[in-house]
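Written below as structure tokens is the structure these notes are about.
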Amino acid sequence: MRDDEWAGRRAEAVRVQAERLRARQDAEHTRAEDMLRRFTAAAHAAKLEPEPLVVRGYGGRGTARTGLRGWYLRVDRSAAVSTDGGFYVLTAPLNLLDRVRGTRPEPARPPLTLGAGGKDGESVPLADALERLLPGWQDG
Numbered sequence: 001m002r003d004d005e006w007a008g009r010r011a012e013a014v015r016v017q018a019e020r021l022r023a024r025q026d027a028e029h030t031r032a033e034d035m036l037r038r039f040t041a042a043a044h045a046a047k048l049e050p051e052p053l054v055v056r057g058y059g060g061r062g063t064a065r066t067g068l069r070g071w072y073l074r075v076d077r078s079a080a081v082s083t084d085g086g087f088y089v090l091t092a093p094l095n096l097l098d099r100v101r102g103t104r105p106e107p108a109r110p111p112l113t114l115g116a117g118g119k120d121g122e123s124v125p126l127a128d129a130l131e132r133l134l135p136g137w138q139d140g
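The UniProt record's numbering applies: residue 1 is where the sequence shown begins, and numbers increase by one.
Given below as structure tokens:
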């Protein structure tokens, strides 16, 4: 096999693997988004009181209001679901203006495992985080 043939086959294999990874990630995000939609409906039905969501600066450097209301998914308050089912990562680099005026984080596609790839003990399945907020929410 010539070098250019081998390189072409290798490039195709890499492309196929990347497509498969994107498809798996998209399926995971879709399942997590559905779970958050069902949770927010259950939370509203159970009259679970949302709270104002706040962004914390990297390294604990200050906070900023967001104008969003919802429920924190992690004990460290680094991720939350808004009352409309949006998923938010609530850590960001904050400047003085952000701290004074507030900030509006962009919703992100949610993972099925919060903190995956982090240190031991820092990851938690999304389903467990939601169950902690509203025990039995999936039963109703």
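Virtual Cβ for every residue (Gly too), placed ideally from N, Cα, C. As the structure is a prediction and not an experimental result, all values here were calculated from the model.
Residue burial annotation: Val100 is exposed, with fewer than 16 other C-beta atoms found within 10 angstroms of its C-beta. Per the DSSP secondary-structure output, Val81 pairs in a beta bridge with Trp71 and Phe87. When the Cα atoms are used, Val75 and Arg20 turn out to be separated by approximately 33 angstroms.
Per the coordinates, the alpha-carbon of Ala41 lies some 51 angstroms from the alpha-carbon of Ala7. In this structure, the beta-carbon distance from Ala80 to Leu94 does not fall below 9 angstroms.
Note on geometry: alpha-carbon atoms of Ala11 and Asp3 lie some 12 angstroms from one another.
CA-CA distance, Ala13 to Ala32, rounds to 29 angstroms. Annotation: the continuous alpha helix (DSSP H) that includes Arg15 extends over Asp3 to Ala45.
The secondary-structure analysis by DSSP pairs Gly57 across a beta bridge with Ala92. For Val54 and Thr30, the gap between their C-alpha atoms comes out near 25 angstroms. In this structure, Leu68 sits away from Gly57, with a CB-CB distance that is not shorter than 9 angstroms.
Ranked by Cα distance from Leu97, the options Trp71, Gly115, Leu48 and Thr63 are led by Thr63.
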